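First to last, the protein sequences are chains H and P. Numbering-wise (our numbering), the first sequence opens with residue 1133 and increments by one. Numbering-wise (our numbering), the second sequence opens with residue 14 and increments by one. For every residue, glycine included, the Cβ atom is placed at its ideal position computed from N, Cα and C. Please read all numbers here as calculations on a predicted model, not as lab measurements.
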Amino acid sequence: MWIYEKKLQYPAKVGRANVKMAKYLITQYGGPDGELSAAMRYLTQRYTMPTPQAKGILTDIGTEEMAHLEIIATLVYKLMDGASVEELKQADLGGYYADHGKALYYVNGSGVPWTATYIQAKGDPIADLHEDMAAEEKARATYEWLINLSDDPDLNATLKFLREREIVHFQRFGETLQIVQEYLDSKKYF
Amino acid sequence: MNREQLCMLKELMAVQFTALELHLYLDTHPTDQKALMEYNSVVQQLNVLKHEYQQRYGPLTWGEPSAYPWQWINEPWPWEICYE
Ligand SMILES: [Fe+2]
Chain H
1133 MWIYEKKLQY
1143 PAKVGRANVK
1153 MAKYLITQYG
1163 GPDGELSAAM
1173 RYLTQRYTMP
1183 TPQAKGILTD
1193 IGTEEMAHLE
1203 IIATLVYKLM
1213 DGASVEELKQ
1223 ADLGGYYADH
1233 GKALYYVNGS
1243 GVPWTATYIQ
1253 AKGDPIADLH
1263 EDMAAEEKAR
1273 ATYEWLINLS
1283 DDPDLNATLK
1293 FLREREIVHF
1303 QRFGETLQIV
1313 QEYLDSKKYF
Chain P
14 MNREQLCMLK
24 ELMAVQFTAL
34 ELHLYLDTHP
44 TDQKALMEYN
54 SVVQQLNVLK
64 HEYQQRYGPL
74 TWGEPSAYPW
84 QWINEPWPWE
94 ICYE
């Protein structure tokens, strides 16, 4: 089960409302390498992991990704705060507004809705952990591109925090891969 | 949210983050005794802070006692807070 904590993992600030940036950032909400993809991927892969370390790390990182999803939602919410319909139209968000108003919906930066085809659960722990490591690197790269797109130091502080988390997750998945590999090798030879 | 509450909330967030970081590390290093000791001490500090915060400002999570009326629904929610 899961229990909600009524606080963010990181104090997510924006310097000013910026609709254009919200449009870019929402890809980390519902895009291919975003936080929803990450959480859904890890939390469903854990059932077929062979070692306690792997079951633990997928559960815990999957849960942390849910906290990141909430940080992204908070940033998008704040970036859109007080935006007029005219501003949304100018940022090419007229189509989004027609479908969702100012609600948060799981789409990528081009407005394409989230799909389970962004993720995989292969049932092979080596394949799945390699996917997870690649996913962390892709998420890190996405944060880097978003930081390049933004000139807001407050927003960038949160984006840098999230980028660092992807690096830590990559590290933990790498260690997990090694543990699982050794476990599978030991089963083969003894 | 007043200065004092925000300050305490941020401290709580920082300590909880340290606990999480050690927690993930321990998942792949379960026999690292030094890290485990550090984790246990951070968690103790976290529990003290959480208790104090919730006594003053109401529940942060499920299963906590509440003053009257039901405090859980009190605003601001996390995305509404100005973290300045
Ligand atoms: Fe991650």
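Would glutamine 1313 of chain H pass as an interface residue toward chain P - the criterion being a Cβ-Cβ separation below 8 Å?
Taking a beta-carbon distance threshold of 8 Å, glutamine 1313 of chain H does not count as an interface residue toward chain P.
Please name the residue in H/Tyr1156, H/Gly1166, H/Trp1134 and H/Tyr1237 whose C-alpha comes closest to that of lysine 1270 of chain H.
Shortest Cα-Cα distance from lysine 1270 of chain H to any of H/Tyr1156, H/Gly1166, H/Trp1134 and H/Tyr1237 involves H/Gly1166.
What separation, rounded to the nearest whole angstrom, lies between the Cα atoms of glycine 1188 of chain H and aspartate 40 of chain P?
6 Å
Using only alpha-carbon positions, find the residue among P/Trp90, P/Gly71 and P/Pro91 that is nearest to proline 82 of chain P.
P/Gly71
Tell me proline 1245 of chain H's beta-bridge partners as DSSP assigns them.
DSSP lists H/Val1239 as partners of proline 1245 of chain H.
In the structure shown, what three-state DSSP assignment does glutamate 65 of chain P receive?
helix
Quick one: which residues of the segment 1134–1160 of chain H get their C-beta closer than 8 Å to a C-beta of chain P? List them in chain order.
Ile1135, Tyr1136, Glu1137, Lys1138, Lys1139, Leu1140, Gln1141, Tyr1142, Pro1143, Ala1144 and Lys1145
So does isoleucine 1189 of chain H have its beta carbon nearer than 7 Å to some heavy atom of ligand 1?
A distance criterion of 7 Å places the beta-carbon of isoleucine 1189 of chain H beyond contact range of ligand 1, judged by its closest non-hydrogen atom.
Tell me which same chain residues have a C-beta within less than 6 Å of the C-beta of tyrosine 1180 of chain H, skipping the five on either side of it?
Checking the sequence shown, residue 1180 of chain H turns out to be threonine, not tyrosine. Cβ within range, chain order: Gly1255.
Pick helix, strand or coil for threonine 1180 of chain H, following the three-state DSSP scheme.
helix
Considering only residues of the segment 1155–1215 of chain H, which uninterrupted alpha helix (DSSP H) runs meet the minimum length of 4 residues and lie entirely inside it, listed in chain order?
1159–1162, 1167–1177 and 1184–1212
Express the C-alpha separation of lysine 1138 of chain H and glutamate 88 of chain P in angstroms, rounding to a whole number.
10 Å
Given that glutamate 1268 of chain H touches chain P, what residues does it touch there, using C-beta distances under 7 Å?
None at all; the shortest Cβ gap to chain P is about 13 Å.
Within 10 angstroms of its Cβ, does arginine 16 of chain P collect 16 or more other Cβ (buried), or is it exposed?
Arginine 16 of chain P should be labelled exposed.
Tell me whether the beta-carbon of glutamate 1276 of chain H lies closer than 8 Å to the beta-carbon of histidine 1301 of chain H.
no
Let me check one thing: in DSSP terms, what residues is threonine 74 of chain P bridge-paired to?
H/Glu1137
Any beta-carbon of chain P closer than 8 Å to the one on isoleucine 1193 of chain H?
yes
Let me confirm a value: histidine 1200 of chain H is counted as buried when at least 16 other C-beta atoms fall within 10 Å, else exposed. Which label applies?
Histidine 1200 of chain H comes out buried.
Kindly give me the distance between the Cβ atoms of tyrosine 1315 of chain H and proline 1182 of chain H, rounded to whole angstroms, as I take these residues to be in contact under 8 Å.
Sure, about 6 Å apart at Cβ, within 8 Å.
Give the residues from the segment 1169–1181 of chain H that approach chain P closer than 9 Å (Cβ to any Cβ), ordered along the chain.
none
For serine 1282 of chain H, count neighbouring C-beta atoms within 10 Å of its own C-beta (all shown protein chains included) and say buried if the count is 16 or more, exposed if not.
buried
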